[in-house]
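These notes are about the structure you will find just below.
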Amino acid sequence: MISIEQGYLDAARHFAGQLKNPRAIGITCIVAGGNTGKSTLLKGLAKAAELHPEIIFVDMSEIMAWHRDPTNNSSLRNEFVEAKKSADKGQLVKDELTFFGLIYYLVKQQQIAQWNTKRHVVLSGFPRTRKQQTYLVEVFPNTRLVYISCSFGEAEKMRLVRIGSEIQRPDDKPEVFKGRWVSFGNETLPFILDFKRHHLQEQFLEIPFGMKPLDKALALLGLMDITPEQRANMHEELTTVGTEAWNHFDAVGKPKPKAVQADIPAQSEPSTRTQVLASGIQLITNSTAI
Numbered sequence: 140m141i142s143i144e145q146g147y148l149d150a151a152r153h154f155a156g157q158l159k160n161p162r163a164i165g166i167t168c169i170v171a172g173g174n175t176g177k178s179t180l181l182k183g184l185a186k187a188a189e190l191h192p193e194i195i196f197v198d199m200s201e202i203m204a205w206h207r208d209p210t211n212n213s214s215l216r217n218e219f220v221e222a223k224k225s226a227d228k229g230q231l232v233k234d235e236l237t238f239f240g241l242i243y244y245l246v247k248q249q250q251i252a253q254w255n256t257k258r259h260v261v262l263s264g265f266p267r268t269r270k271q272q273t274y275l276v277e278v279f280p281n282t283r284l285v286y287i288s289c290s291f292g293e294a295e296k297m298r299l300v301r302i303g304s305e306i307q308r309p310d311d312k313p314e315v316f317k318g319r320w321v322s323f324g325n326e327t328l329p330f331i332l333d334f335k336r337h338h339l340q341e342q343f344l345e346i347p348f349g350m351k352p353l354d355k356a357l358a359l360l361g362l363m364d365i366t367p368e369q370r371a372n373m374h375e376e377l378t379t380v381g382t383e384a385w386n387h388f389d390a391v392g393k394p395k396p397k398a399v400q401a402d403i404p405a406q407s408e409p410s411t412r413t414q415v416l417a418s419g420i421q422l423i424t425n426s427t428a429i
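So for the sequence shown, the working numbering puts the first residue at 140; every next one is plus one.
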């Protein structure tokens, strides 16, 4: 008799088997601890790619919410409802259920099983464990990783600034927030560092938390396996948004008062910022995407 976890994994592999050409699908994953601006970065990039529907942007938290929505007829809705209760306590959801949730969503909602040409997915919040990373690369060999490096202290400052005196969501609670960062340190960070050691420069990019959001987006753009035309268009759109607008967006994409933003000191040195941007530019220069 197979375990529940193996059942989730087998189901995920069943849906992955419907893909026509998984090697043609590039995946760029944005990983980091809680409250580090992953969603802001994803939304900014998605806005810049509006003219390119062949590039899709998905947030793992939104995928989980999609599965819990009864109108979407997810085959494992009850399991994802229960998983949300664990997540609200700062616990990680089972690797196999999370992986199934991702693959099922991509196949059923985003219709990636029909893709037969070069396409790209930018994914925020996945993978979070070594198992999840192994499962993902098994299906999508062309996987790249962007790590926003940030300390717990830096993220805690941003959390306090964002929520003020009001708890807006479960992970705003101090004990839940700290628990998620403990899980990140134990489960996520070790595989990120291994990925960095064992993969080429074209597959990994580390971005300091203190960099301006626009600079982060431009650096990440250099890692994406997309065509020169797509890259040029997105670069133009990103810079059109403007540095001022990017600098005053919080983790949910809402404008933040300048006085509040000014209370958070930059954490990266100019040399670090220059190095990361140079890495992104070098990736663009060396890109062989067609």
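Even glycine gets a Cβ: it sits at the ideal position worked out from N, Cα and C. This one's a predicted model, so the numbers in the text were calculated from it and none came from an experiment.
About 18 angstroms separates the beta carbons of L231 and S142, which is beyond the 8 angstroms limit, so they are not a contact pair. Q145 and L241 have their C-alpha atoms some 16 angstroms from each other. Sequence-distant Cβ neighbours of Y286 in its own chain, meaning closer than 6 angstroms and more than five residues away, are V170, I331 and E345.
For L231, the three-state secondary structure derived from DSSP is coil.
DSSP places R298 in the helix class (H, G or I) of the three-state scheme.
In this structure, K228 places its C-beta atom within 8 angstroms of the C-beta atom of V315.
When only Cα atoms are considered, N217 and V278 end up about 26 angstroms apart.
By alpha-carbon distance to E235, the top candidate from A204, G264, T273 and K247 is T273. For the pair of segments examined, the stretch 184-204 was found not to touch the stretch 291-298: the number of CB pairs separated by less than 8 angstroms stays below three. Listed in chain order, the alpha helix (DSSP H) runs fully inside the stretch 278-348 are 291-302, 313-322 and 328-337, counting runs of at least 4 residues. Counting only the Cα atoms, V260 lies some 15 angstroms from A155. Apart from sequence neighbours up to five positions away, the residues of its chain that approach G183 with a beta-carbon distance below 6 angstroms are A356, ordered along the chain. Secondary structure at L190: coil, using DSSP grouped into helix, strand and coil. Excluding sequence positions up to five before and after G318, its CB lies within less than 6 angstroms of the CB of G229, all in the same chain and listed in chain order.
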